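Chemist: First the structure, then my questions, so here it is.
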Amino acid sequence: MTIREGVMSPNNQMRLWMYERMFRHRQFEEQLIAAYFEGKRPAFDMKAGPLPGEMHFSFGQEPVAVGVCANLDTEDVITTAHRPHHVAIARDVNLKRLAAEVFQRKDGLSKGRGGHMHLYDSSVGFSCSSIVGESMGPTAGIALSRKLRNKPGVAVTIIGEGATNQGAWHEVMNMASLWKLPFVCVVEDNYYGVTVSKKESTSISRNSDRASAYGCFGEYVEGNDADLIYVAAQRAIARARDGLGPTILEVQTARLKGHYAGDQNAYVPQDIKDKYFQDPIPTYRDRLLKKGASNENSLRAVERKISDEVDEAIRFGRESDYPDAVEALQGVFA
Amino acid sequence: MPNETERLLTPARAGREAVIWEMERNPNILFIGEDVVHMGGVFNTATGLATQFPGRVIDTPISETGFFGIAAGAAMDGMRPIVELAFADFMAVCLNPIVNYAAKTHYMSNGQFKVPMVIMIGAGGGYNNGAEQSQCLYSVLAHFPGIKVAVPSNSYDAKGLVHAAIRDDNPVAIMYHKATMGVPWLGTPLPTIINHVPETDYVVPLGSAKVVREGSDVTIVGLAWTVHQALLAADTLLERGISAEVVDLRSLVPLDKTTLVHSVRKTGRLVVTDEDYLSYGMTGEVVASIVEADVSMFKAPPRRVAYPDVPPPASRSLEGMCMPDASKIVKAVLEIL
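First to last, the protein sequences are chains A and B.
Residue numbering for the first sequence follows the numbering used here, beginning at 775 and increasing consecutively.
Residue numbering for the second sequence follows the numbering used here, beginning at 8 and increasing consecutively.
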């Protein structure tokens, strides 16, 4: 059996690894928020300013990305949807090229063609695209490819709880379970699909319970806690690697900045906000100190270094040129 | 009479020869879809393949959106899947993974990912099967940037286009007309559908139209079934002393505008015939492409003989009214002479 020995809490080194990436993401998006509203005021014009288009911030969802990515090897693949930054950063996508792509410049991952919802970095096995539920098929297809060719690697997709009501989700969960693909579906339960709550959209309270419909594994993790997510993700990924088939790993998390940039979460009742919308990062930082993973001075030094790195990446992104217009007509076909 | 050295195979069999040749040499090619293992595909695209390539021919559940997405992912990871959409009508079920995901990934990723997948699609009606089972929809996929579309009308082209499609690193739809495939339950194909198929592998390049009958008085452009109706019409026209040139488009994407313009420059008259709906489709695209090139070469306005903008009716009298056929093409030609 190749299941890793035991199922352990992350050690302090892993905790630091995860914290650094949560912090890096948070710094990154703080700067994106500022840039996003530049040039768009007083009357909101979506195409104005250095960061046009829609923007979907992952504030509060960092624990899911790091808890999952901490368990991935280089040959694994991870995909996600329209709220991708925390996953990209947890997967160590090059920060400068990520920033430049979000700013739609020529030094970006796709030379500005993709933008913030269509990010691709083949060097670290990461991609995302924006039709809800769309990642399910292709990610399972990558898993199928590895299984048929006897090559290592699991394929994981991180989707929102709203996506589990798409037809594609059900079809792919059935096939992935039927064929025992090395595939994991991580469901970020941030409780809202744009303005529609889970209670208003889904006939059952936990998507992890849908596993019984497909004969696969299902697990729900409460608390938006990177350590708990880490342990559950380790189990799910080990099962996939060992040929036991997929897991629906649903994880409670917090969509702190609304669906799209500018959304004030006004439609979220206060009791829901109190219960579900708590920032996980300060809590995790305290844990690092309590568990002796770091001390205040070291942590601040690490945080300063990461802040500088993020500043540099954002500056790189903003100062990069736009791609040449003629490139719009190129590259449709291989 | 066929001469003794001609290998006359049905288009289904010819296409399969290409698939088998490629699958023998590249272990990464898969054939997936509904009924491809036990049945060999509804239109015989995969007869015998599961036996020859165990594990690489996969029956799927009825989950088009799911398995088209799966095929795209497998292609991104280095495989070359052939995925079957039995009836063109079903593309409405699973458009997203094809036109938003597979077709756009190379562009959106700036070439980091390629999606080499072949989509085999059975198109067309004429056998009273009703509106949701008889459509062609040739131009639907063609409309989306990022997917190539080829439409073989005969055995020789079927094999050559399938070779070309499998070797292409992009999503390529091979849309074959059901009545041309040679499946026993749709009757015997017209003689012009069955032609000589060389034993060796060969490519019919995607994006190359072919003048299948030379003429001087009018250009008739057809696709799949309507190519053969155009050839029958040309015979009738010849009896009246009219020389019709028939062009088989063979591909919609890329579209061979050069051959089209060259032909109309020669004849000065154009009739475009398509079994797909008249509006917003192939006939409009062909007319516009040629007119844009040089409107002065036209001696008369172009004419279109296409399926009217109605859902295909089942009853034979109704369907007969709608299907483009040789007599409707002859009538259109006579109107512009």
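Beta carbons are placed, not taken as given, at the ideal position from N, Cα and C, and that holds for glycine.
In this text, all values refer to a predicted model and were calculated from it rather than measured experimentally.
Is the beta carbon of residue 38 of chain B less than 8 Å from the beta carbon of residue 89 of chain B?
Modeler: Going by C-beta atoms, residue 38 of chain B is nearer than 8 Å to residue 89 of chain B.
Chemist: For residue 119 of chain B, return the contacting residues in chain A, with the cut-off set at a CB-CB distance below 9 Å.
Modeler: Per Cβ cutoff of 9 Å: 883, 884, 894, 895, 896, 897, 901.
Chemist: So, for residue 810 of chain A: in the same chain, excluding its five sequence neighbours on each side, which residues have a beta-carbon less than 6 Å away from its beta-carbon?
Modeler: Here the set comprises 825, 829, 1035.
Chemist: At which residues does the alpha helix (DSSP H) containing residue 787 of chain A begin and terminate?
Modeler: That run of the alpha helix (DSSP H) goes 786-811.
Chemist: Does the beta carbon of residue 184 of chain B sit closer than 8 Å to a beta carbon anywhere in chain A?
Modeler: Cβ-Cβ to chain A under 8 Å: no for residue 184 of chain B.
Chemist: Which of the three DSSP states is assigned to residue 184 of chain B in this structure?
Modeler: The answer is strand: DSSP assigns residue 184 of chain B an E or B state.
Chemist: Quick check: the Cα distance between residue 869 of chain A and residue 917 of chain A, rounded to an integer number of angstroms?
Modeler: Approximately 27 Å between the Cα atoms of the pair.
Chemist: Please name the residue or residues paired with residue 1109 of chain A in a DSSP beta bridge.
Modeler: Lying outside 775 to 1108, the shown extent of chain A, residue 1109 of chain A is not represented and no answer is given.
Chemist: When DSSP builds the beta bridges, which residues end up paired with residue 902 of chain A?
Modeler: Per DSSP, A:854.
Chemist: Under 8 Å between the Cβ atoms of residue 840 of chain A and residue 887 of chain A?
Modeler: Their beta carbons are not under 8 Å apart, which means residue 840 of chain A does not touch residue 887 of chain A by this criterion.
Chemist: State yes or no: is the beta carbon of residue 887 of chain A nearer than 8 Å to at least one beta carbon in chain B?
Modeler: Yes - at least one Cβ of chain B is within 8 Å of the one on residue 887 of chain A.
Chemist: Measuring only between beta-carbons, confirm whether residue 1003 of chain A sits less than 8 Å from chain B.
Modeler: Cβ-Cβ to chain B under 8 Å: no for residue 1003 of chain A.
Chemist: Kindly indicate which three-state DSSP category residue 849 of chain A falls into: helix, strand or coil?
Modeler: Coil.
Chemist: Looking only at DSSP bridge pairs, what is residue 155 of chain B linked to?
Modeler: DSSP, once it has assigned bridges, lists B:179 as partnering residue 155 of chain B.
Chemist: Would residue 946 of chain A pass as an interface residue toward chain B - the criterion being a Cβ-Cβ separation below 8 Å?
Modeler: Yes, contact with chain B.
Chemist: Roughly how many whole angstroms lie between the Cα atoms of residue 1044 of chain A and residue 835 of chain A?
Modeler: If I take the Cα positions, the gap works out to 19 Å.
Chemist: Following the continuous alpha helix (DSSP H) through residue 1056 of chain A, name the residue where it begins and the one where it ends.
Modeler: From DSSP, the alpha helix (DSSP H) with residue 1056 of chain A extends over 1054-1064.
Chemist: Take the Cβ of residue 324 of chain B as the centre, count every other Cβ of all protein chains shown within 10 Å, and call the residue buried at 16 or more, exposed below.
Modeler: Its Cβ having fewer than 16 others within 10 Å, residue 324 of chain B is exposed.
Chemist: Taking a cut of 7 Å between CB atoms, which residues from the region 128-161 of chain B lie near chain C?
Modeler: In the displayed structure, chain C is absent; the protein chains listed are A and B.
Chemist: Using 8 Å as the limit for Cβ to Cβ distance, is residue 33 of chain B near chain A?
Modeler: Output row for residue 33 of chain B: interface = no.
Chemist: Given this structure, state the Cα-to-Cα distance separating residue 76 of chain B from residue 990 of chain A, to the nearest angstrom.
Modeler: Near 20 Å, if we compare the C-alpha coordinates of residue 990 of chain A and residue 76 of chain B.
Chemist: Check whether chain A comes within 8 Å of residue 20 of chain B, counting only Cβ atoms and requiring the distance to be less than that.
Modeler: Taking Cβ atoms only, chain A never reaches closer than 8 Å to residue 20 of chain B, which makes this a no.
Chemist: Could you give the first and the last residue of the continuous alpha helix (DSSP H) run that contains residue 1080 of chain A?
Modeler: First-last of the alpha helix (DSSP H) with residue 1080 of chain A: 1070-1093.
Chemist: Throw me the rounded Cβ distance for the residue 895 of chain A and residue 867 of chain A pair, which I believe falls under 8 Å.
Modeler: Yes, they are in contact, since the Cβ atoms of residue 895 of chain A and residue 867 of chain A sit about 5 Å apart, within 8 Å.
Chemist: What is the DSSP secondary structure of residue 118 of chain B, reduced to helix, strand or coil?
Modeler: Residue state, collapsed to three classes: coil.
Chemist: Can you list, in chain order, the residues of the region 1090-1108 of chain A whose Cβ is nearer than 7 Å to any Cβ on chain B?
Modeler: Per Cβ criterion, the list reads 1105, 1106, 1107, 1108.
Chemist: Count the other C-beta atoms from every protein chain shown that fall within 10 angstroms of the C-beta of residue 943 of chain A, then say buried if there are 16 or more, exposed otherwise.
Modeler: With 16 or more other Cβ atoms within 10 Å, it is buried.
Chemist: Can you tell me whether DSSP reads residue 37 of chain B as helix, strand or coil?
Modeler: Reduced to three states, the DSSP call for residue 37 of chain B is strand.
Chemist: When the Cα of residue 813 of chain A is compared with those of A:807, A:837, A:1101, A:823, which residue comes out closest?
Modeler: Nearest C-alpha to residue 813 of chain A: A:823.
Chemist: Which residues of chain B have a Cβ atom closer than 8 Å to the Cβ of residue 912 of chain A, listed in chain order?
Modeler: Simply 76, 77, 79, 80, 83, 104, 108.
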